[in-house]
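*Asks:*
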Amino acid sequence: MNNPVKKLFPRNVIQSLFVFISLYLGWRFINFYTFLASGGTSGSTYRPAGVEAFTPLSSLVGLRVWIGTGIFDYVHPAGLVILLTALAVSFLFRKSFCSWICPFGFIEEMLGRIGAWVLPRKLSIPWWLDLPLRGLKYILLVFFVGSVFFMMDAEAAFSFMESPYNKLVDLKMLEFFLNISATGAAVFGFLILMSFLFEHFWCRYLCPYGALMGLLGWLSPSRISRNEQLCIDCGNCDKACSGRLKVSRNKNVLSPECNGCLDCVNSCPVDGALTYSFAGKFKGAKYLLPATMLGLFALMIIVAIMTGHWESSVSLREVMYYFPLLKQI
Ligand code: SF4
Ligand code: SF4
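Structure (structure tokens):
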């Protein structure tokens, strides 16, 4: 049995950092919620803009408004910046947002790893069921993208962006978790159990955000390539791949399921047999992907902050005015 702690470097360290940042943002946001719920007698007036990363549907509507009207989302600008960054990162560096940044991806990976450690044998869904199940995330993606981009015109999207519901959507999400219903808890329990039993259950079968990034990653100039002359057919790369890809059977990994984790490259015992490259260049520079991807992520956030595209324009007074409606909308 493999001890899951042994595999914690270096990608998981970066993922852990993003989990800590998310927990910090969550803690600050709970303080903000407390301020509103207590009528200003406790908590804090600081609203961390980064929590908008957790309201992707609102960000998708923001993107629709931006494309349709040229107006950048001023209600949840940070959410739109993070969505655009995730899309840019996916296009350039495959679905690496999922394997290096997303806190849900990390939690799920840890659950799967603990599951593989404690269960007598690793479980996997048979291929005849795996294939149709993988289609589910694309169906959800078509539903959400179709609803926002084809069922809504720019005017309707703008009205949604301006609505009290959207202005409170981050608080609504927090309240959902703070006062979770029996049905919500059962759904979460089910997802946790399935992620424990089957590696990457949520990402592989259900996450529409991951589906979108996987499709963009398909077009990416980032490549994992195998040198058939150097390869000794040990199969380490296949075992390391959480996407269940047959790396050792292909010259290049082209699947949208490849999340750019580089675990295959790191597990290969032969120098140069399995390499990462960008647009056919920088072959073998395996630190290029995390370094440039994280650099781009940080740069986009810094530029957004410096150009006034990070903090919401919705005033504290307005949020306090709408807050009593939170349970009704
Ligand atoms: S192990 Fe390799 S092929 Fe598999 S998802 Fe990670 S980078 Fe892609
Ligand atoms: S880990 Fe390297 S040597 Fe082993 S099968 Fe994969 S590419 Fe070939």
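The opening residue of the sequence shown carries number 150 in our numbering; numbering runs sequentially from there.
Cβ atoms here follow ideal geometry from the backbone N, Cα and C, with glycine treated the same way.
In this text, all values refer to a predicted model and were calculated from it rather than measured experimentally.
1. Going by DSSP in three states, I481 sits in which element: helix, strand or coil?
2. For V224, does the three-state DSSP call read helix, strand or coil?
3. With contact counted as at least three CB pairs below 8 Å, one residue from each stretch, are the segment 237 to 256 and the segment 265 to 272 in contact?
4. What did DSSP end up calling N152 once you bin it into helix, strand or coil?
5. For the beta strand (DSSP E) holding F427, just list the boundary residues, first then last.
6. Any heavy atom of ligand 2 closer than 6 Å to the CB of R375?
7. With the cut-off set at 7 Å, would you say F240 and L365 are in Cβ contact?
8. For G429, which of P473, A453, S371 and R466 has the nearest alpha-carbon?
9. Quick one: does the C-beta of V419 sit closer than 6 Å to a heavy atom of ligand 2?
10. Could you give the distance in angstroms between the alpha-carbon of L379 and the alpha-carbon of D412?
11. Determine the direct distance from the alpha carbon of S462 to that of G219, and round the result to whole angstroms.
12. Let me confirm a value: M455 is counted as buried when at least 16 other C-beta atoms fall within 10 Å, else exposed. Which label applies?
13. Under 6 Å from any heavy atom of ligand 1, does the C-beta of G359 make it?
14. Using only the heavy atoms of ligand 2, determine whether one of them is closer than 6 Å to the beta carbon of N385.
15. Does DSSP put F181 in a helix, in a strand, or in coil?
16. Could I get the ranges of all uninterrupted beta strand (DSSP E) runs contained in the segment 423 to 475, with 3 residues as the minimum, in chain order?
17. Ligand 1 and D412: does the residue's C-beta get closer than 6 Å to at least one heavy atom of that ligand?
18. Where L465 and L327 are concerned, what is the direct C-alpha to C-alpha distance, given to the nearest angstrom?
19. Buried or exposed: P405, going by 16 or more other Cβ atoms within 10 Å of its Cβ?
20. State the CB to CB distance for the pair I263 and F345, rounded to an integer number of angstroms; the pair is presumed to be in contact (CB under 8 Å).
*Replies:* So, from the data block:
1. Nothing can be reported for residue 481, as the shown portion of the chain is limited to 150 through 478.
2. Three-state result, V224: coil.
3. no
4. Because N152 carries a pLDDT of 47, less than 50, the predicted location of this residue cannot be relied on, and no value is offered for it.
5. L423 to F427
6. Checking the Cβ of R375 against ligand 2 gives yes.
7. Taking the C-beta atoms as reference points, L365 is found nearer than 7 Å to F240.
8. S371
9. Relative to ligand 2, the beta carbon of V419 is positioned inside 6 Å of a heavy atom.
10. Approximately 18 Å, taken between the alpha carbons.
11. 17 Å
12. exposed
13. Remark: the C-beta of G359 is outside contact range of ligand 1, defined as less than 6 Å to any heavy atom.
14. yes
15. Note: F181 maps to helix in three-state DSSP.
16. 423 to 427
17. Yes, the Cβ of D412 comes within 6 Å of a heavy atom of ligand 1.
18. 22 Å
19. Buried, because 16 or more other Cβ atoms sit within 10 Å of the Cβ of P405.
20. 7 Å
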